[in-house]
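For reference, the structure is listed below as structure tokens.
Protein chains in written order, with this note's numbering: chain P, 1 to 173; chain W, 174 to 281.
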């Protein structure tokens with residue numbers, strides 16, 4: 001069972017920094033807020049008993065991916081503010097997001113998870129150890145794991161070759 | 174009006190609501206912002222929201238398979254961020270800007 005104070009504390013942390021990603025005019029502030037959001041999500045993973053995934057979240061997302069984002073932002077040296085779309089376009093976008101939020105929340109409410117929350121509470125004895133995850137990863141999901149390794153190799157080569165592209169058909173200079 | 178017990182007892186639905194709010198914030202980031210890199214950050218937010226709901230389901234059902242899927246999603250998301258940023262660098266080299274409106278001028 002997860003304590004309510006822990007859950008609400010992490011939720012407030014996550015939502016505040018996610019809103020900072022959305023509203024911060026400076027992309028660097030957005031990137032650092034995103035890193036903070038990911039740390040908060042990792043805390044919730046830890047609270048839910050998946051310790052290995054929480055550690056991977058910190059090292060891969062809050063570490064490697066965010067460093068990549070911040071480094072590319074520094075490379076660009078962006079000073080210009082975001083252009084703002086027309087009023088009706090913004091209204092349309094916000095209402096689409098609101099409709100999606102309403103649909104998802106309605107589906108969660110109607111699905112019956114709300115009525116049996118006490119039955120489906122986390123049992124601390126059944127918290128899955130990392131060993132179980134590792135065994136599953138290297139037996140049932142071995143092929144997927146290896147394919148993922150090949151994918152990462154292809155991506156690494158592809159990223160280098162794409163970022164070395166010069167000019168093209170209609171370059172400015 | 175939710176009862177006091179549903180507020181103090183944290184269940185699966187609480188995590189799902191949090192996940193949906195996080196997903197919609199990421200969606201709004203993708204829709205509202207014009208900077209290509211901030212749009213990629215919005216995609217990362219949406220992936221994180223989905224990962225959170227995966228972990229919540231896996232934890233409440235006592236099943237490890239959800240964690241394996243989250244592991245794979247994280248790897249693919251890292252790869253996707255790398256490719257997206259490489260394309261951003263290529264766009265920046267051509268136009269000296271990373272505004273999303275420049276994608277309208279691409280001729281294929």
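C-beta atoms are modelled at their ideal positions from N, C-alpha and C, and glycine is treated no differently. It should be emphasised that the depicted structure is a prediction, and the values quoted were computed from it without experimental measurement.
Closer than 7 angstroms at the beta carbon, the chain W residues around residue i
i: residue 30 of chain P; result: 211 and 214
i: residue 60 of chain P; result: 247 and 251
i: residue 38 of chain P; result: 221
i: residue 2 of chain P; result: 183
i: residue 141 of chain P; result: 241
i: residue 188 of chain P; result: In the structure as shown, chain P begins at 1 and stops at 173. Residue 188 of chain P is therefore absent and cannot be evaluated.
i: residue 53 of chain P; result: 228, 240, 243 and 244
i: residue 11 of chain P; result: 191
i: residue 178 of chain P; result: Coverage of chain P is limited to positions 1 through 173, which leaves residue 178 of chain P absent and any answer about it impossible.
i: residue 158 of chain P; result: 256
Residues that residue i contacts on chain P, provided the C-beta gap is smaller than 9 angstroms
i: residue 219 of chain W; result: Correct list: empty, because the minimum Cβ distance to chain P is about 10 angstroms.
i: residue 246 of chain W; result: Going along chain P, no residue has its Cβ under 9 angstroms from residue 246 of chain W, so there is no contact; the nearest lies around 10 angstroms.
Boundaries of the alpha helix (DSSP H) in which residue i is found, first to last residue
i: residue 35 of chain P; result: 27-47
i: residue 190 of chain W; result: 185-205
i: residue 161 of chain P; result: 142-163
i: residue 221 of chain W; result: 209-234
i: residue 205 of chain P; result: Since the displayed chain P opens at 1 and closes at 173, residue 205 of chain P lies outside it and no answer follows.
i: residue 108 of chain P; result: 87-110
i: residue 139 of chain P; result: 130-139
i: residue 56 of chain P; result: 51-56
Contacting residues, own chain, Cβ-Cβ under 6 angstroms from residue i (five flanking each side not counted)
i: residue 39 of chain P; result: 62
i: residue 195 of chain W; result: 222
i: residue 250 of chain W; result: 220
Cβ pair residue i, residue j closer than 8 angstroms
i: residue 32 of chain P; j: residue 201 of chain W; result: no
i: residue 220 of chain W; j: residue 203 of chain W; result: no
i: residue 19 of chain P; j: residue 216 of chain W; result: no
i: residue 253 of chain W; j: residue 208 of chain W; result: no
i: residue 43 of chain P; j: residue 10 of chain P; result: yes
i: residue 28 of chain P; j: residue 70 of chain P; result: yes
i: residue 258 of chain W; j: residue 213 of chain W; result: yes
i: residue 34 of chain P; j: residue 66 of chain P; result: yes
i: residue 4 of chain P; j: residue 183 of chain W; result: yes
i: residue 233 of chain W; j: residue 191 of chain W; result: no
i: residue 105 of chain P; j: residue 193 of chain W; result: yes
i: residue 30 of chain P; j: residue 262 of chain W; result: no
i: residue 158 of chain P; j: residue 237 of chain W; result: no
Spatial neighbours of residue i in its chain, beta-carbon cut-off 7 angstroms, leaving aside the 5 residues before and after
i: residue 45 of chain P; result: 53, 54 and 57
i: residue 243 of chain W; result: 224, 227 and 228
i: residue 37 of chain P; result: 14, 17, 18 and 21
i: residue 160 of chain P; result: none
i: residue 270 of chain W; result: none
i: residue 218 of chain W; result: 195, 198, 199 and 202
i: residue 190 of chain P; result: What is shown of chain P runs 1 to 173, which leaves residue 190 of chain P out entirely.
i: residue 6 of chain P; result: 47
Cross-chain neighbours of residue i in chain P, by beta carbon under 8 angstroms
i: residue 223 of chain W; result: Result: empty, since nearest Cβ-Cβ is about 11 angstroms, beyond 8 angstroms.
Identity of the residues DSSP links to residue i by a beta bridge
i: residue 272 of chain W; result: W:208
Proximal chain P residues relative to residue i, where beta-carbon distance stays under 7 angstroms
i: residue 276 of chain W; result: Result: empty, since nearest Cβ-Cβ is about 13 angstroms, beyond 7 angstroms.
Chain W contact residues for residue i, given Cβ-Cβ distances below 9 angstroms
i: residue 50 of chain P; result: 228, 231, 232, 237, 239, 240 and 243
i: residue 69 of chain P; result: 210, 213, 214, 217, 254 and 258
i: residue 100 of chain P; result: 193, 196, 197 and 200
i: residue 7 of chain P; result: 183, 187, 188 and 191
Per-residue contacts from residue i into chain W (C-beta, under 8 angstroms)
i: residue 105 of chain P; result: 190 and 193
i: residue 86 of chain P; result: Chain W residues near residue 86 of chain P: none, gap ~12 angstroms exceeds 8 angstroms.
i: residue 14 of chain P; result: 191 and 195
i: residue 155 of chain P; result: 252, 255 and 256
i: residue 108 of chain P; result: 186, 189, 190 and 193
Same chain only: Cβ atoms within 8 angstroms of residue i, ignoring 5 sequence neighbours per side
i: residue 138 of chain P; result: 145
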